[in-house]
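To start, the structure itself, in C-alpha cells.
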Amino acid sequence: MDYLSYDEVACIEKAADDVGALKRVVGSRTVTWINVNGLADIALIEAIGKLFNLHQLALEDVINVHQRPKVEEYDEQLFIVTRMLPEPTSKETEQVSMFLGKGYVVTFQERPGDVFEPVRQRLRRDGGQIRKLGADYLVYALLDAVIDGYFPVLERRGEEVEHLEDLVVSKPREALLSVIHETKRDLLDLRRAVWPQREMLSALMRQDGGFIEERTKVYLRDCYDHVVQLIDIIETYREICSGLVETYLSSLSNRMNEIMKVLTIMATVFIPLSFIAGLYGMNFDPKASPWNMPELGWKYGYPFALGLMIAVAAGLLWSFWWRGWFGGSDEGE
Amino acid sequence: MDYLSYDEVACIEKAADDVGALKRVVGSRTVTWINVNGLADIALIEAIGKLFNLHQLALEDVINVHQRPKVEEYDEQLFIVTRMLPEPTSKETEQVSMFLGKGYVVTFQERPGDVFEPVRQRLRRDGGQIRKLGADYLVYALLDAVIDGYFPVLERRGEEVEHLEDLVVSKPREALLSVIHETKRDLLDLRRAVWPQREMLSALMRQDGGFIEERTKVYLRDCYDHVVQLIDIIETYREICSGLVETYLSSLSNRMNEIMKVLTIMATVFIPLSFIAGLYGMNFDPKASPWNMPELGWKYGYPFALGLMIAVAAGLLWSFWWRGWFGGSDEGE
Amino acid sequence: MDYLSYDEVACIEKAADDVGALKRVVGSRTVTWINVNGLADIALIEAIGKLFNLHQLALEDVINVHQRPKVEEYDEQLFIVTRMLPEPTSKETEQVSMFLGKGYVVTFQERPGDVFEPVRQRLRRDGGQIRKLGADYLVYALLDAVIDGYFPVLERRGEEVEHLEDLVVSKPREALLSVIHETKRDLLDLRRAVWPQREMLSALMRQDGGFIEERTKVYLRDCYDHVVQLIDIIETYREICSGLVETYLSSLSNRMNEIMKVLTIMATVFIPLSFIAGLYGMNFDPKASPWNMPELGWKYGYPFALGLMIAVAAGLLWSFWWRGWFGGSDEGE
Amino acid sequence: MDYLSYDEVACIEKAADDVGALKRVVGSRTVTWINVNGLADIALIEAIGKLFNLHQLALEDVINVHQRPKVEEYDEQLFIVTRMLPEPTSKETEQVSMFLGKGYVVTFQERPGDVFEPVRQRLRRDGGQIRKLGADYLVYALLDAVIDGYFPVLERRGEEVEHLEDLVVSKPREALLSVIHETKRDLLDLRRAVWPQREMLSALMRQDGGFIEERTKVYLRDCYDHVVQLIDIIETYREICSGLVETYLSSLSNRMNEIMKVLTIMATVFIPLSFIAGLYGMNFDPKASPWNMPELGWKYGYPFALGLMIAVAAGLLWSFWWRGWFGGSDEGE
Amino acid sequence: MDYLSYDEVACIEKAADDVGALKRVVGSRTVTWINVNGLADIALIEAIGKLFNLHQLALEDVINVHQRPKVEEYDEQLFIVTRMLPEPTSKETEQVSMFLGKGYVVTFQERPGDVFEPVRQRLRRDGGQIRKLGADYLVYALLDAVIDGYFPVLERRGEEVEHLEDLVVSKPREALLSVIHETKRDLLDLRRAVWPQREMLSALMRQDGGFIEERTKVYLRDCYDHVVQLIDIIETYREICSGLVETYLSSLSNRMNEIMKVLTIMATVFIPLSFIAGLYGMNFDPKASPWNMPELGWKYGYPFALGLMIAVAAGLLWSFWWRGWFGGSDEGE
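Residue numbers (numbering that gives the first Met the number 0), protein chains in the order written: chain A, 0 to 332; chain B, 0 to 332; chain C, 0 to 332; chain D, 0 to 332; chain E, 0 to 332.
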C-alpha cells in the first residue's frame, strides 16, 4: 500500500505500513490517493474498508476479481470497477477497483504493475492542472490511463490479424484456422472487457450524486469517445477475422481443385494411350486370318502406333489448354 | 413442508404436518420461511394458498412448472419465480416459486434437494446479519444461492467445450457434430433459464411497492451483476461452439484433400509407368521390319525400359514435392 | 350466429336467426357473447355492425382475414384481432376478430370449429367465477383458449423436428433438406402469428380506456407469459432446424469422403499390381541378351512375381490402416 | 397538370394550363387536388411553389427523385414523400411527393401513370364519404392506394420465388444462383421502399400540428397495418431465398456425389478385372519350370480366368449395393 | 490559414499570417470563417485556441485525427467533428473539426484540398441567401458539402461492385475473393465514417443551446436525409458483396464438378475398353485346349474385339448423355 496526498502546494508520496497512518493523512491535503497492490492481505483491505466505511458488498467485489466494469453509488462513495491491460503484451485484463469519496480515492489492483505511472508523474510535477482539481478529476485521469492502455494492445492484435491475412492467402494450413479462432476469442475477451466500460462511463456522466463535478464530466465525455473508438476497432477486426475463415475455406477448395486438375490431366492423357498400347498387346493370331491385327506386320506399324499416341495426347492437352486448365499458378495456389 | 422461524434472538426449525400449525408460527418471530418440497400434495398447496391469501393464478404457476423466471406483484405478496440447478451435474433446471409477504416467505420446489443449505446454515448461526434483517433479505439470500448454483454447472460446460475443441482438431468424426449441437442446445437451455432472471432481478430492483427495502436493493444489484456475468459466459461458450462447427467442417475438407492427394500421387506416378510397360507389351513383329520395336531386341532393352520408368517416377515425385504435396503431417491431419 | 347471455344467476344459449333478436337480448343480462361462424353472410355482418355501431374499418378487417393480431380502441368498443389454430393438426391459422363493448362481446370466426368449447362449458356451469365477472374477463378467457391452442401444435412440430434429427444422421438424403426448410417455414408462419399477439396482449394490459378492469389485467399478464413461452419454444426449434442443415451438409461431405476412400483404396492397391503384371507382359527378347527379362526364365519367376504383388498390396493396405482409413463404420456413415 | 376541386355538392375536374387558373380555384370548394405529372417543367413547379408558398428545400426534394419516404412539417404544409409501384409489373418505384395544406393537396409524380384512378372514381361519384371529408382524408386515400399497389407486385415476386424453388430442386444450374440473388436484391429494393413508409405513417399518426384530424388517424392506422403486413411478406420471401441458396449448394454437392459414385463404381469394378487380365498376359515361360503360370496350359484355364473375373465383379457390385450406392434416383438427383 | 469575413454587403477573403490579424477581423462583419489547412503548426492552433477560448480537450481532438464524427457543446462554442472524402478517388476519410461560435466558424483540416469550394463560391457571390444568414447556416453549408462529397465515391464503389459481379460469374479466380473482401472493408470504413454523422446531425437538430437557429434546423433535416440515404446505399452494397462470396464459392464447386465430369467420362469410357484389350492380351495357350481363347484364332476375331469396344464405348457415352452430363457449357462454367 502506498499513498499520494496532494494539493496545489505540495504532493507527498509514501509507502504506508498500517492503516493508522492513513487516518492522519486523509483530509490534511485536498486529495489523497491510496493505492493497494495485490489483494492477498485481506486484513489490510478490511481495515481500509472500516476506515472509509466501505460497503461490505463492494469489498467482496474488490476481492472477487471477475467483475465486469461498472459504477455503483453508495452513501459515502462512488464504487467504480474497471479492467486494465497493464502491458502492451498482456493477454488478460486485470481488475482495478476504485472508491471515490470526499477528498480521497482508494484503488485496489490485482497485481503490482499498472498503467498509472504517467498520472503519478503529473501529480508530482508542480503547477499541473491535475493538482488544482479534485478527487473526481483524479478518477478521470486514472480511467483515461486505463483506456489508453488498450490502444497499444489492439495495435498488436491488428498486426497479428494482418499477418494472418497474408498467411491465409500464401500458406493456407489447418493450424491457421485455430489461430484465427484464437484471435477471434481474444477479441471477444477484449470486447467483453471494453463494452461495459462504455456503460460505466456513460453512467458516470449521468451521475448526479455530487461525486462528479460538471467540469469533470467534459473530460469523461472525451474518455467515453475513446471507448467507442476502441469498440469500433474491435468490431472491425472481428469482421476481418470472419472474412479470413471464408478465405481459408475457399483456399482449401482451390487446392482441391488444383489436385483434381493434376489427377485429371495425367489420368485422361495416359488412359487412352494405355488403351492403344493394350490394343496392340492383344494376341489375335495374324496367321489365322488377314483381318487379325494386320498392323502388327506392317513395316511402319510401331511408328504408326507411337504417332497415334502422340496425336491423341496432343489433342487432349490442347483441349485442356483450351479450357484454361493450365496457368495453375495464376488461378490455383 | 418444513418451516424456519427466526428473529435476532432465536431460530426455530421444524417439519410441519398441517397448515394449522403455521398459523400460530407466522408473526411470532420477525420472519418465517415456509418451504414446500414437491408439488404432489395439491391439498397442502391449496391450504397454504388460503392461509396466506395467495392469488389463484400464482398458485397455478406454482404447479405448472414450466414458467419463465419472473416477478409479479399482488396485493399482499410479491410472487417470484426462478429456476434452479440443484446440483453441479444437473442438466435441467427446476422451478422455485417464492411468495414474499409481510414477515414470511413461502417457497415451493419441484423436488427435494436444493442449493439453499448454506442459507439455512447462516440462519441457524447466532448473530449473523441475516437474522437481523427482514424477509426481503431472505429472498435475496435465496436468489443469490440459486444464481451461485449456476456457476459450477457452467464450469463443467466450459470443460466440455474445451474437450470438444481438442477432439475436433485431433480426431474429427461425425459423432462430434451431434455432441457440439447438443452442447449448443444445453447452452441455449441455460440461456433461456438465465436471461429472464436478469429482467426479474431488474424488476425487483425497480420494485417500489414496499416489499423490498432500499437497503436490500444494494444486494440485489450484486446478484444482478452475477447474472450478467453468467450471460456473458454462456454467450462466449456459444460463440466458441459455432467456431467448432466451422473447424470441424474444414477438418473434413482437409481430410478429403489428403485422400485426394494420396490417390493423385499413386495414380499419376503409376499411370505413365503402366503405359510404358504396356508399350513394350505390344506385339508388333520385329521381324516384319526393322522399324517395329527394335528395343525388344537390344542388349540392354529391359534395363533401358526399367531406367526410363524410374526416371519418370522420380520426375513426377520431384514435381509433387516441389508443389509441397508431401509434408502431409504438417498441413493435413 | 349464436349467442350466450349470462349473469351470475343464469346462462341462456341460443342460435339466433336475425339481428333483431339480439337487440332484446343485449343488456338483459350482465354479459352477452355473440359468435358468428363464417364470414360469407356480409349482410349479417353489416347488420351486427349497425346494431353495435362498429367502425367501418374494423368491419373491413373482420372480412379481410389476413390481419396481424392487434388491438385497436374505438369509441364504444375495443377491437381485438387474434389468430387461432383450431386443431392440433392445423397448419394454418384462422383469424378471430373480437369486439369488446359494455356488456357484450362479438366474435367473428372464419370457419366453424374453434378452441372455445372449454369456455362455453365454464359459462354453462353454475357458480363458476367466469359467470360473476364482466365482458373483459370473457375476452381474457377466449384469448387464453386461443393461446393454449398453440401448445399441442408446437408439440407436434417438436416431434417432427426430433424425427428429422434422427433421419438426418441415419439416412441423409436430399429430400430431407426440403422437409427441413418446410418445417422452418411452418415455424416462421407460427412466429409471425405469435409475435404480434405478444404486443397485442401488452397493449391490452396498458389499456386505460375503461374497457379492461384492473382485476382482469392480472389474468392477461398470465396469458402474456404463455405467449412469451410460445415464442421461446418456436425460437428454439428454429435454432435446432438451422443446426440440422449444417448436420445434413456435413453428412454429405462425409459420404463423399467415404466414396473417395473406397475409390482411393481400390485404385491405389491395384494400380501397382497392374503395373507389375504389365512389366512382365513386356515382350523384350530374353534370347537377345541375358539382361532382357531373365525373370521370365527363372524357375520360381511366376511365384516371385505373385509374391511381390502380395507384398506390395499388403504394404499399401497396412499404410491405409495406419492412417485410420478403415473403421469407416465409426467415422463415416 | 390537372386539378380536381370538390365539396359535398360537386366535383370539378380540369387540366389547367397555367398556375394563374389555380389561384381562382383553390378555396372555391372544400378541397382542391392539384396533380403534376412529370417533373420536366421546372418553371411550373417553381410557380406552384410560389403560389402555395412551398419551402425551397421541399421543392428540391420533389425534383430530386431519390428521396426515402418521409413526412416533414412546414409552416403552412405537411410535406409527404412516398414511393409508388405504378403497375403490377413495375420493377422500380416512382417517387410521389405530396403537399397537404389547408383545403388543398398538391401531388407531383415522376411520370404519367399512377395507382390513383380508383380515388378519382370515388371523388367523381356523388354522395361518397370522401367528398364529405377534408384534404387530410384525401391524402389518406392516396397513400392507401399507393400501399395497395404493392400487393400485386409482391404476389408476382411470390410466384417467382415459388418457381425458383421448383427449379432449384429439379434443375440446379449455376444461372439460378444469379436469379436468386437478383430476386433477393429486388426484395431488398422493395424493403428499402416500404420500411420508411412505416415510419412515415407512424409520424403522420403522431402528427399534432392540426394538419391531420383525429378522425382520419383511425384510417391511417389501417394503412399502417397494411405496411406492416407488406414488411412481413417481404421478410418471409427473403428468408425463403436464403434457404434456396443453401438448397442449391447442397444440390451441387449431391451432383458431385453422384458423379463420384459412377466413377468409383466403374473404376473399382474394372480395376481388379484388368489386373487379372494383365496377370495372365505376363510372359513367364511355362517351359522353363512347372511353377511358371501353369494356368496358361490348363484345359479350362481361360474359362477359369473369366469365371474369376465374373466372381470378383459380382462381389464388388454386391458390396456397393449393400452400401446403398445404387438407388441413385432416390438419393441423388 | 485563411479567413472569409462576410455580411450582406461584402465578403472579404484573405490569407492571414498571424492570429493577431484575426482579432481585428472577427466581429467586424456578421460572420467570419477561419479555415486552417494542415495541423502541423501546433503554435498556430494553440494561438487560435487562446483567442477564441477553445477548450483544451477539443483542441486535442482537433490534432488527434482519429475522432468519430460527433458534436459537443462547450460554453462558448459548439464543437463539431466530421469526416470528409476530399476527392472522388479518396480511399480514406480526412477529419474536419469545426467550432461554431457567435459570429465565427473555425475549421481545421488535415490537409489542403477539400470539398468546400462551392461554398466559397456562394459566399463570394453577391446577394446569395448564404450571405444573409448566420454562422449556423455556414456550418450547415459546410456539412452539406461534406455529405455530398460521399456520393461520387459511393458511385465508384457501386461500379466496382458491379464489375466484380461480372468477373465472379465469368472468370472466378482466387484473387477475386481478396478483392471482394477489400471492397467489403472499404465499405465498412465508409460505414464507420457515415453512421456517426447521422447521430451527429440528429444531435445538432435537437440542439437547444442557442447555437443553431430554428430556421437552420430545417436545412439540417435535409442533410440528415442525405446521410440516411448514404447508409442505405452502403448497406445494399455490403449485402451484394456477401452474395458475391457465395456466388464465388459455388462457382468453385461448379468448376470442380466440371473437372470431375471430364475425368469420370474419360476414365469410365476407357477403363472397360482397356479391360477388353487386356483380356485378349492374355497368354492362355489355344493349343492346349479348344476352350482357351478360341477368339484369337477366329477369322474376324480382331474386328469382333474392336466392335465390342465400340459398342461398350457408345453405350457408356449414351448413358452419360442421358444423365445430362454433356452440355457442360450450359450447366458448368
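Ideal placement from N, C-alpha and C gives every residue a C-beta, glycine not left out.
With a Cβ-Cβ cutoff of 7 Å, do residue i and residue j count as a contact?
i      : j      : result
E93/E  : E109/E : yes
L122/E : L3/E   : yes
V114/B : G148/B : yes
V152/E : Q196/E : no
Y5/B   : R82/B  : no
A20/C  : D1/C   : no
T263/A : I258/E : yes
V167/A : L243/A : yes
G280/A : G280/E : yes
P285/A : V311/A : no
L84/A  : A134/A : no
L176/C : V70/C  : no
L295/A : N282/B : yes
I275/E : L305/E : no
DSSP three-state label for residue i, please.
i      : result
G26/B  : coil
G331/A : Residue confidence for G331/A is low, a pLDDT of 36 falling below 50, so the modelled location carries little weight and cannot support an answer.
F269/B : helix
E234/A : helix
N291/D : coil
D1/D   : strand
L347/D : Residue 347/D lies beyond the stretch modelled for chain D, which goes from 0 to 332, so this question has no answer here.
V8/A   : coil
S96/E  : strand
I33/A  : strand
F283/C : coil
L53/E  : coil
E72/E  : strand
V105/E : strand
Measure how close the beta-carbons of residue i and residue j come, nearest whole angstrom, since I'm counting them as under 8 Å.
i      : j      : result
I239/A : R190/E : Contact doesn't hold; Cβ gap of about 14 Å is too wide.
V404/E : H54/D  : Outside the shown range of chain E (0 to 332) lies residue 404/E, about which nothing can therefore be said.
Short of 8 Å Cβ to Cβ, which residues in the segment 298 to 330 of chain E face chain A?
K298, Y299, G300, Y301, P302, A304
Quick one, which residues of the segment 268 to 285 of chain D are near chain C if we go by CB-CB under 8 Å, in chain order?
I270, P271, S273, F274, G277, L278, G280, M281, N282, F283, D284
Evaluate the contact criterion for the segment 286 to 293 of chain E versus the segment 295 to 309 of chain D: three or more CB pairs, one atom per stretch, below 8 Å.
yes
Touch check for the segment 97 to 106 of chain A and the segment 27 to 37 of chain A: three-plus C-beta pairs under 8 Å?
yes
Between the segment 60 to 88 of chain B and chain C, which residues of the former have CB atoms less than 8 Å from a CB of the latter, in chain order?
D60, H65, Q66, R67, K69, E71, Y73
Give me the subset of the segment 233 to 267 of chain A whose CB atoms are less than 8 Å from a CB atom of chain F, sorted by chain position.
Any reference to chain F falls outside this structure, whose protein chains are A, B, C, D and E.
What are the residues in the segment 94 to 113 of chain A lying within 7 Å of chain B by C-beta distance?
none
Can you pull out the residues from the segment 165 to 181 of chain C whose beta carbon lies closer than 7 Å to at least one beta carbon of chain D?
R172, E173, L176, S177, H180
Selection of the segment 213 to 225 of chain A by Cβ proximity to chain E, strictly under 7 Å:
V217, Y218, R220, D221, D224
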